[in-house]
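Student: Structure provided below as structure tokens; questions to follow.
In my numbering, the protein residues as written are 33 to 96.
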């Protein structure tokens, strides 16, 4: 999903994050895309995936 505009995105980290350790990813939800970025390199471009692809990813990592 190229050219997704995340300028108004509300980025957030997991509540399981270790505070300011810098070892986290952040996500931002927009209607047509989910953004994923490195919390210590926020100036770099974010990875944009479809909401459906992100949901499938979450289901896979939750499955034992």
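For each residue, glycine too, the CB sits at the ideal point set by N, CA and C.
Give me the Cα-Cα distance between residue 70 and residue 44, rounded to the nearest whole angstrom.
Tutor: Rounded to whole angstroms, residue 70 to residue 44 spans 11 Å at the Cα level.
Student: With distances taken Cα to Cα, identify the nearest neighbour of residue 41 among 73, 49, 85, 63.
Tutor: 63
Student: Measuring CA to CA, which of 75, 88, 58 is closest to residue 67?
Tutor: 58
Student: With a threshold of 8 Å on Cβ separation, who are the neighbours of residue 89 within its own chain once the five nearest residues in sequence on each side are excluded?
Tutor: A distance below 8 Å between beta-carbons, with the five flanking residues on each side excluded, links residue 89 to the following residues of its chain, in chain order: 81.
Student: State the DSSP-derived secondary structure class of residue 61, mapped to helix, strand or coil.
Tutor: strand
Student: Is it buried or exposed, residue 85, if we count other Cβ atoms within 10 angstroms and call 16 or more buried?
Tutor: Under this definition residue 85 is an exposed residue.
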